[in-house]
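Asker: So the sequence shown is numbered by my numbering: it starts at 292 and just counts up by one.
The structure's right below; bear with me while I get my questions together.
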Amino acid sequence: MDVYKAVDSRRAVRAFSDEPVPKERLERVLSAATRAPSSGNLQPWHVFVVTGGPLDSLKGRATARALAGDPGDDREYPMYPAELNSPYLDRFSAAAAQRYKALGIERDDPDRPMKIAALNSEAFGAPVVLFCYLDRTMGPGQWADAGMYLQTVMLLLRAEGLHSCPQVMWTMYHETVRQAVGADDGLVLLCGVSVGFEKEGAPRLRTGRADMTETVSFIGA
């Protein structure tokens, strides 16, 4: 797939089919993704690929917590800044309203948080979830490395005809995930990435993006 086409077609899919993902495709993607940029070549990420029975069990445990109104484990890092100002808050609010309306969850629904958590904990039906961890001794530079690695993975998934959805939500239940994958205490969960084939007939959501002129400045050109 052309790189521009891969970037343009990559989006967070929130409705996956139950069609199995061939292991060889995942191995091809994750092998190629080792070439992602890494400052000092530290390659600080560690990924657990969970599917089949183990994933079903994990989804069940996480969904039970969500439906019980469990607020989650103590946060290991903030998902967003404590205070978001314009234009960031504007973008966040607009995308959230659009996203969950497409999923049939109205903004004024009193059970909205629980329903959102339950949808996320089911990984939107994805048959595979990649859980990306970093060593706790790593700093902001290595977290940036992990972001570039995951973007590389998601673009390569598009080249294989697959879709994905990065989910920081899994960090709410990081202890449940840790038990499922066997990660040691020296690792911190960055996020999960749901992977699979898009479900046919599901509403397709494509959130807007700020115009390039809002985020890019050319100097000397």
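Idealized CB from N, CA, C, for every residue including glycine.
For clarity, every value in this text was computed on a predicted model and none was experimentally measured.
Suppose you measure from the CA of LYS392 to the CA of GLU318; what does that come to, to the nearest Å?
Answerer: 35 Å
Asker: Could you give the residue range of the alpha helix (DSSP H) that holds ASP336?
Answerer: A quick correction: the sequence has Trp, not Asp, at residue 336. Element bounds for TRP336: not the alpha helix (DSSP H) but the beta strand (DSSP E), 336 to 342.
Asker: Tell me where the alpha helix (DSSP H) around LEU447 begins and ends.
Answerer: Element bounds for LEU447: 431 to 450.
Asker: Would you mind stating whether ARG305 and PHE415 have Cβ atoms separated by less than 8 Å?
Answerer: yes
Asker: Nearest to GLY351 by alpha carbon, out of ARG500, ALA323, ALA385 and SER412?
Answerer: Selected option, being the one with the closest Cα: SER412.
Asker: Taking the C-alpha atoms as reference points, what is the distance between GLY363 and TYR464?
Answerer: 5 Å
Asker: Select from ASP399, VAL472 and PHE383 the residue whose C-alpha is nearest the C-alpha of PHE422.
Answerer: VAL472
Asker: Relative to the alpha-carbon of ALA303, which residue among SER377, ARG427, ALA327 and GLN389 has its alpha-carbon at the smallest distance?
Answerer: GLN389
Asker: Looking at the secondary structure, which residues open and close the alpha helix (DSSP H) in which VAL459 lies?
Answerer: Looking at the DSSP string, VAL459 is not in any alpha helix (DSSP H), and its letter there is neither H nor E.
Asker: Applying the 10 Å Cβ sphere with the 16-neighbour rule, what's the burial state of ASP436?
Answerer: Classified as buried, ASP436 has 16 or more neighbouring CB atoms from the shown chains inside 10 Å of its CB.
Asker: For THR443, tell me which candidate among SER329, SER308, PRO313 and PRO494 has the shortest Cα-Cα distance.
Answerer: SER329
Asker: Check whether the Cβ atoms of LEU453 and PHE488 lie closer than 8 Å to each other.
Answerer: Yes, the Cβ-Cβ distance between LEU453 and PHE488 is below 8 Å.
Asker: Counting only runs that start and end within the segment 296 to 323, where is the alpha helix (DSSP H) found for 4 or more residues in a row?
Answerer: Whole alpha helix (DSSP H) segments, 4+ residues: 314 to 323.
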